[in-house]
Amino acid sequence: MATSTSALLTPVDISVVIPTYNRRHCVLSAVESVLNQTRVPLEIIVVDDGSTDGTETLFATSHPLVQYVSKANGGVSSARNYGVSLARGSWVAFLDSDDTWSTEKIERQIDCVNQYGGEVCFTGTRLDSGGRHDGISELDPSLPDGEARLYHQPLAFIVQSDRHPLVQSLLLRKSIFQAAGQFDEHLQVAEDTALFYRLVARTSVLLVNETLVNLNRQRSEAGLSDCRDVRKLARHYDCYIHAQAVALSLVLKPNNDYPQLIGQLKKIRHRLAYFISRRAELAFALDDTAAGKALCLEAVRLSSDLRTSARSLLYLTLHPLFTQRLKRKWYLDTTEPGQ
41 MATSTSALLT
51 PVDISVVIPT
61 YNRRHCVLSA
71 VESVLNQTRV
81 PLEIIVVDDG
91 STDGTETLFA
101 TSHPLVQYVS
111 KANGGVSSAR
121 NYGVSLARGS
131 WVAFLDSDDT
141 WSTEKIERQI
151 DCVNQYGGEV
161 CFTGTRLDSG
171 GRHDGISELD
181 PSLPDGEARL
191 YHQPLAFIVQ
201 SDRHPLVQSL
211 LLRKSIFQAA
221 GQFDEHLQVA
231 EDTALFYRLV
241 ARTSVLLVNE
251 TLVNLNRQRS
261 EAGLSDCRDV
271 RKLARHYDCY
281 IHAQAVALSL
291 VLKPNNDYPQ
301 LIGQLKKIRH
311 RLAYFISRRA
321 ELAFALDDTA
331 AGKALCLEAV
341 RLSSDLRTSA
351 RSLLYLTLHP
361 LFTQRLKRKW
371 YLDTTEPGQ
């Protein structure tokens, strides 16, 4: 399929946004992976989101294509959105400051966009351990490795899989990004999931089934699974719940032309119920019994999954017996009984 645009996409029309926060030890590797592209973009915008580790000294003298800007700490979504607001290109790509691109990443996306069309393009990503981490095979099991395919407003992707391609591989028109609402700055996590849902409900999406992004998961700071702040974890689960609520709202729009999705709503309801059930555990761990009970009831109402329903009913009726166990599970109280 030929591109639907009148002019071909070129590197000089692409701005790359790299948000960073206290990543002095690795941000230059991310920048260099963009500068080493076989098709170098128009500009690289590094947005320092209030780092305190001396990141700014790395950019005292910099490559002419690199624009370094700093702002008060506001989170990764705020940094990405600010970078896009400064972008001179009509297309925008994103890279995190602890990840890198394969040298042909931009070239491959340019070629595929020009060949197939589309205004949003994702590629595959690989973990530093070598495994795939992008959800492309779940979205379309028939897409062969190394090939690309254009999907016209693929709202079905929302129910196809609970995984999705990552922002670090995303190339899209700046106007589409803005029309889709940008990154939700109220979300501390799952902001990429919410954006993906809004994009697939709005426009065509091109998937390039090649691993062109390298993800670094050997972080120097704790990730979500290592977090010992139960209140922060509760806020994270609130974000996951919000993202699935976005999915439901998009599928249930009155002017939706995808009636076949109605029968698949249980998949989204199950995801939503799962996160609500886990959020109930956190409420009980925080001694917010009223919220825990309400969340359990909602999880039971939404879920068709026996495990989620049984867990929610168990906590609803017997939560006093499990409170201390939940405190230990969610790192609020690590004291073992009898100690």
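Under our numbering, the first residue of the sequence shown carries the number 41, and numbering increases by one thereafter. In this text, a Cβ means the ideal position worked out from N, Cα and C, and glycines have one as well. Since this is a predicted model, take the numbers as computed values, not measurements.
Contact defined as beta carbons within less than 8 Å: I believe residue i pairs with residue j. What is the distance between those atoms, to the nearest angstrom?
i, j, result
"L288", "I308", "5 Å"
"N121", "Q222", "5 Å"
"N304", "R242", "Note on residue identity: the sequence assigns Gln, not Asn, to residue 304. Not quite, the Cβ-Cβ distance comes to about 19 Å (not below 8 Å), so this is no contact."
"L183", "F134", "Not quite, the Cβ-Cβ distance comes to about 22 Å (not below 8 Å), so this is no contact."
"S55", "E83", "5 Å"
"Y156", "L246", "6 Å"
"E225", "G115", "6 Å"
Taking 8 Å as the cut-off, is the CB of residue i close to at least one heavy atom of the ligand MN?
i, result
"L212", "Only the bare structure without any ligand can be found here, which leaves the ligand MN out of the picture."
Taking a contact to mean a Cβ-Cβ separation below 9 Å, would you say residue i touches residue j in this structure?
i, j, result
"G158", "D53", "no"
"R203", "D174", "yes"
"I146", "V74", "yes"
"V132", "V87", "no"
"A230", "C279", "yes"
"I85", "L48", "no"
"V67", "S137", "yes"
"S349", "A339", "yes"
"C336", "Y314", "no"
"T251", "G164", "yes"
"D327", "N256", "no"
"V106", "V160", "no"
"T329", "H359", "yes"
By alpha-carbon positions, which one of the options ends up nearest to residue i?
i, options, result
"N254", "D89, D138, R166", "R166"
"D185", "L292, G114, N249", "N249"
"I198", "T233, G171, L210", "T233"
"K111", "G90, Q200, I85", "G90"
"D269", "G123, R368, T92, L82", "R368"
"P205", "N154, I281, F236", "F236"
"P81", "I176, N62, H103", "H103"
"C152", "Y191, G114, D139, A285", "Y191"
"R275", "R318, T101, R341, T95", "R318"
"V286", "L195, A330, L356, D139", "L195"
"K306", "G332, S343, L290", "S343"
"A78", "R341, T143, F217, D139", "With the sequence shown as reference, residue 78 is identified as Thr, and Ala is not the correct amino acid for it. Checking every option, the nearest Cα to that of T78 belongs to T143."
"S244", "D345, F162, R341", "F162"
"K293", "R238, D327, P360", "R238"
"I216", "V124, D345, A330", "V124"
"V207", "W141, R365, R347, V291", "W141"
"N154", "G171, S169, R189, D168", "R189"
Report all residues from its chain with a CB closer than 6 Å to the CB of residue i; omit the five preceding and five following residues, and keep chain order.
i, result
"T50", "none"
"Q200", "L179"
"A31", "Since the first residue shown for the chain is 41 and the last is 379, residue 31 is missing from the structure and cannot be characterised."
"D93", "N62, R64"
"T357", "none"
"A42", "Residue confidence is low: A42 scores 42 on pLDDT, short of 50, so the model does not pin down where it sits. Its coordinate-derived value is still stated next. No residues qualify anywhere along the chain."
"R341", "none"
"Q364", "none"
CB-CB under 7 Å to residue i, same chain, minus the five flanking residues each way: which ones, in chain order?
i, result
"G263", "Unreliable positioning characterises G263 in this predicted model, as indicated by a pLDDT of 38, which lies under 50. The coordinate reading is nonetheless provided below. Excluding sequence neighbours, G263 sits near nothing in its chain."
"P181", "none"
"D187", "Residue identity check: residue 187 is Glu in the sequence provided, not Asp. Contacts found: N249."
"K351", "The sequence shown places Arg at residue 351, not Lys. Within the same chain, R351 has close Cβ partners S317."
"Y277", "F315, R318, R319, L322"
"Q284", "I308, R311, L312, F315"
"V176", "Before going on, a small fix: residue 176 reads as Ile here, not Val. Contacts found: G164, L183, P205, L247, N249."
"L366", "E321, F324, A325"
Ignore the nearest five residues each way along the sequence and tell me which others in residue i's own chain have a CB closer than 8 Å to its CB.
i, result
"W370", "V270, L273, E321, L322, A325"
"S265", "In this prediction, S265 has a pLDDT of 41, which is less than 50 and means its spatial position is unreliable; what the coordinates show is noted afterwards. Cβ within range, chain order: n/a, list empty."
"N76", "T143"
"Q218", "V124"
"F362", "F324, L354, Y355"
"S169", "R257"
"R148", "T163, V248, E250, L252"
Runs of alpha helix (DSSP H) wholly within the stretch 140-185 (minimum 4 residues, chain order): 145-156, 176-179
In chain order, each beta strand (DSSP E) run of at least 3 residues that lies wholly inside the stretch 59-109: Taken in chain order, the unbroken stretches of beta strand (DSSP E) that lie wholly in the stretch 59-109 and span 3 residues or more are 83-88.
Entirely enclosed alpha helix (DSSP H) segments - the stretch 336-360, minimum 4 residues: none
Runs of beta strand (DSSP E) lying entirely within the stretch 209-293, each at least 3 residues, in chain order: 211-213, 245-255
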